[in-house]
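Q:
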Amino acid sequence: MTTYKIALIPGDGIGPEVVHEGRKVIDTVGEIDGFEVKWEEYPMGADHYLETDELIAEDTLEEISSMDSIYLGALGDPRVKPGILENGILLTMRFYFDQYINLRPIKLLEGVWCPLKDKTPEDINFVVVRENTEDFYVGIGNRVDPGKSQNHLEVLREQYKVKFDLDIENDDEIAYQMGVMSRKGAERVIKYAFELAKERGDTKVTAVDKANVLSHIYNFWREIVEETSRGYPEIEHEFSLVDAITMWFVKNPEWFQVVVAPNMFGDIITDLGAMIQGGLGLAPGGNINPDGISMFEPIHGSAPKYKGMNKANPIATIWAGAMMLDDIGEKESARKIMKVIEEILKEGRVRTMDIGGKNTCSEMGDAIVERLKTE
Numbered sequence: 131m132t133t134y135k136i137a138l139i140p141g142d143g144i145g146p147e148v149v150h151e152g153r154k155v156i157d158t159v160g161e162i163d164g165f166e167v168k169w170e171e172y173p174m175g176a177d178h179y180l181e182t183d184e185l186i187a188e189d190t191l192e193e194i195s196s197m198d199s200i201y202l203g204a205l206g207d208p209r210v211k212p213g214i215l216e217n218g219i220l221l222t223m224r225f226y227f228d229q230y231i232n233l234r235p236i237k238l239l240e241g242v243w244c245p246l247k248d249k250t251p252e253d254i255n256f257v258v259v260r261e262n263t264e265d266f267y268v269g270i271g272n273r274v275d276p277g278k279s280q281n282h283l284e285v286l287r288e289q290y291k292v293k294f295d296l297d298i299e300n301d302d303e304i305a306y307q308m309g310v311m312s313r314k315g316a317e318r319v320i321k322y323a324f325e326l327a328k329e330r331g332d333t334k335v336t337a338v339d340k341a342n343v344l345s346h347i348y349n350f351w352r353e354i355v356e357e358t359s360r361g362y363p364e365i366e367h368e369f370s371l372v373d374a375i376t377m378w379f380v381k382n383p384e385w386f387q388v389v390v391a392p393n394m395f396g397d398i399i400t401d402l403g404a405m406i407q408g409g410l411g412l413a414p415g416g417n418i419n420p421d422g423i424s425m426f427e428p429i430h431g432s433a434p435k436y437k438g439m440n441k442a443n444p445i446a447t448i449w450a451g452a453m454m455l456d457d458i459g460e461k462e463s464a465r466k467i468m469k470v471i472e473e474i475l476k477e478g479r480v481r482t483m484d485i486g487g488k489n490t491c492s493e494m495g496d497a498i499v500e501r502l503k504t505e
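Take the position in the sequence shown, starting the count at 1, then add 130; the result is the number in our numbering.
1) Would you check if the distance between the CB atom of ILE136 and the CB atom of SER199 is smaller than 8 angstroms?
2) Looking only at its chain, what residues have a beta carbon closer than 6 angstroms to the beta carbon of GLY478, apart from the 5 residues adjacent to it on each side?
3) Helix, strand or coil: how does DSSP classify VAL274 here?
4) Near GLU284, what residues of its chain come up, given a Cβ to Cβ distance below 6 angstroms and the 5 sequence neighbours on each side ignored?
5) Run through the segment 405–476 for me and flag every whole alpha helix (DSSP H) of 4 or more residues, listed as ranges in chain order.
6) Output the distance between the C-alpha atoms of SER370 and THR182, rounded to the nearest integer angstrom.
7) Along the chain, where does the alpha helix (DSSP H) that runs through VAL258 open and close?
8) Go to SER345, then tell me how far its alpha helix (DSSP H) extends in each direction, as first and last residue.
9) For the alpha helix (DSSP H) that contains ARG501, what are its first and last residues?
10) Which residue spans inside the segment 209–263 form an unbroken alpha helix (DSSP H) run of at least 4?
11) Does the beta-carbon of THR447 have 16 or more other beta-carbons within 10 angstroms, so that it is buried, or is it exposed?
12) Which one of ILE429, GLY451, GLU384 has the shortest CA to CA distance from ASP248?
13) Would you kindly work out how many angstroms separate the C-alpha atoms of GLU500 and GLY145, rounded to a whole number?
14) Of the residues SER432, GLU264, ASP457, which one's Cα is nearest the Cα of GLY213?
15) So, helix, strand or coil for GLY478, using DSSP?
16) Do THR222 and ILE186 have their C-beta atoms closer together than 8 angstroms?
17) Quick one: what's got a C-beta closer than 7 angstroms to ILE498's C-beta in the same chain, skipping five residues either side?
18) Just grab the DSSP bridge partners of TYR306 for me.
19) Would the segment 393–407 count as touching the segment 358–367 if we require 3 or more Cβ pairs under 8 angstroms?
20) Measure from the alpha carbon of SER195 to the alpha carbon of each residue in ILE423, TRP169, ASN232, ILE162, then state which is nearest.
21) Please classify LYS466 as buried or exposed, where buried requires at least 16 other C-beta atoms within 10 Å of its C-beta.
22) Given a cut-off of 8 angstroms on the beta-carbon distance, is the pair PRO140 and GLY206 in contact?
23) If contacts are defined as beta-carbon pairs under 8 angstroms, then ASN332 and VAL388 qualify, I think. What distance do you get, rounded to the angstrom?
24) Out of ILE304, GLY438, ARG224, point me to the one whose CA is closest to GLY277's CA.
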């Protein structure tokens with residue numbers, strides 16, 4: 131029997147509840163299909179931080195490096211200043227494990243209400259490939275008082291090191307944030323998008339940017355898209371400004387197949403994608419290193435006001451678990467989970483409150499488990 135070691139991080143708020151249901155589904159399909167998951171649970175999150183002042187330790191990262199994947203619930207707590215947990219844990223893991231792809235399926239499932247008039251599952255079925263470690267999320271910037279000052283900023287990555295020495299003279303208080311894009315960083319995510327389109331049998335890749343205003347960084351991005359596309363003559367490519375693509379996601383989502391975006395814009399458009407597929411409770415995500423360890427999570431937050439109430443929709447987390455199984459090689463098990471999710475949503479007998487029902491988080495998990503046993 132194949133055994134996988136998975137790092138389990140339930141996190142904050144509703145995270146432990148939805149992760150519990152995801153783990154239950156994965157354990158069930160493992161029993162059916164003849165593999166085992168050994169879960170190694172880690173307490174990273176608000177409680178751990180408030181008790182120990184630790185976000186995630188270096189030895190914890192090293193320990194997780196030996197595992198097959200990471201399964202994350204959600205991070206965020208009103209007792210902790212916004213950004214501390216997300217940057218100190220989530221982004222730290224993305225950078226440490228070089229999870230340079232954020233993969234988001236935007237798929238409307240049958241039986242799920244869509245806020246777009248007259249749009250059906252045939253119209254909304256594409257994927258967003260978001261660059262996950264560069265752009266304006268590299269975390270360098272500062273806030274300075276009026277006067278003269280100096281600042282030394284650096285970005286350290288496995289593939290490059292960038293340093294900035296700034297002499298600042300200003301007559302007002304200012305804040306600044308810097309974005310960094312490397313050729314290697316852009317090339318690898320754009321190539322992944324074209325390869326994914328090829329694997330899916332798609333014929334078009336749409337590249338997102340804001341080159342008309344942020345010309346230096348995003349014309350560089352466009353050049354790399356053009357260069358990469360020459361290796362895929364059978365796949366059309368097009369460019370879309372980020373403000374335009376938000377409009378077209380709403381008006382004509384059927385136009386899109388594979389969308390590739392820099393980090394910040396990818397973050398924005400995938401939340402819009404979540405809503406047109408029925409809401410955050412149905413939106414999974416993967417932080418992918420194709421040659422290393424990846425991490426899978428729902429894209430929703432920790433929703434602290436619902437903590438412990440057993441009301442959250444676990445489908446995004448269960449779907450993320452299916453993506454994880456697909457990534458580690460259990461593709462048939464992943465397919466089974468998705469088939470069951472689609473059947474249950476289509477039937478409509480079991481629904482959580484976010485999609486118009488009265489069932490609990492655990493009841494949705496139980497329904498998926500029981501259906502798996504009869505497939």
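Beta carbons: idealized from backbone N, C-alpha and C, even for Gly. Keep in mind it's a predicted model, so treat the numbers as computed, not measured.
A: This is what the structure gives:
1) The Cβ atoms of ILE136 and SER199 sit closer than 8 angstroms to each other.
2) So the list reads GLY241, once near-sequence residues are dropped.
3) Residue state for VAL274 is assigned as strand, using DSSP reduced to three classes.
4) Here the set comprises LYS293.
5) DSSP runs (the alpha helix (DSSP H)) wholly in the segment 405–476: 445–458.
6) Distance between the alpha carbons of SER370 and THR182: 46 angstroms.
7) Taken as a continuous stretch (DSSP letters only), VAL258 belongs to no alpha helix (DSSP H), being part of the beta strand (DSSP E) at 255–261.
8) Its alpha helix (DSSP H) spans residues 345–359.
9) For ARG501, the uninterrupted alpha helix (DSSP H) run begins and ends at 491–504, by DSSP.
10) As far as the segment 209–263 is concerned, its whole alpha helix (DSSP H) runs of at least 4 residues are 222–226.
11) With at least 16 other beta carbons inside 10 angstroms of its own, THR447 counts as buried.
12) In terms of Cα proximity to ASP248, the closest of ILE429, GLY451, GLU384 is GLU384.
13) When rounded, the distance between both Cα atoms is 22 angstroms.
14) When each option's Cα is compared against that of GLY213, the closest is SER432.
15) Taken through DSSP and simplified to helix, strand or coil, GLY478 comes out as coil.
16) Yes; because the gap between Cβ atoms is below 8 angstroms, this pair is in contact.
17) Here ILE498 has VAL155, ILE448, VAL470, ILE471, ILE474 as same chain residues with Cβ atoms under 7 angstroms from its own Cβ, once five neighbours each way along the sequence are excluded.
18) Its beta-bridge partners are ASN272.
19) Under the Cβ criterion (8 angstroms, minimum of three pairs), the segment 393–407 does not count as touching the segment 358–367.
20) Proximity to SER195 across ILE423, TRP169, ASN232, ILE162 peaks at ILE423, based on C-alpha coordinates.
21) When all chains shown are included, LYS466 counts as buried.
22) Between PRO140 and GLY206, the C-beta gap is not smaller than 8 angstroms, which leaves the two residues out of contact.
23) It should be noted that the sequence gives Asp, not Asn, for residue 332. About 5 angstroms; that satisfies the 8 angstroms criterion.
24) Among ILE304, GLY438, ARG224, the Cα nearest to that of GLY277 belongs to ILE304.
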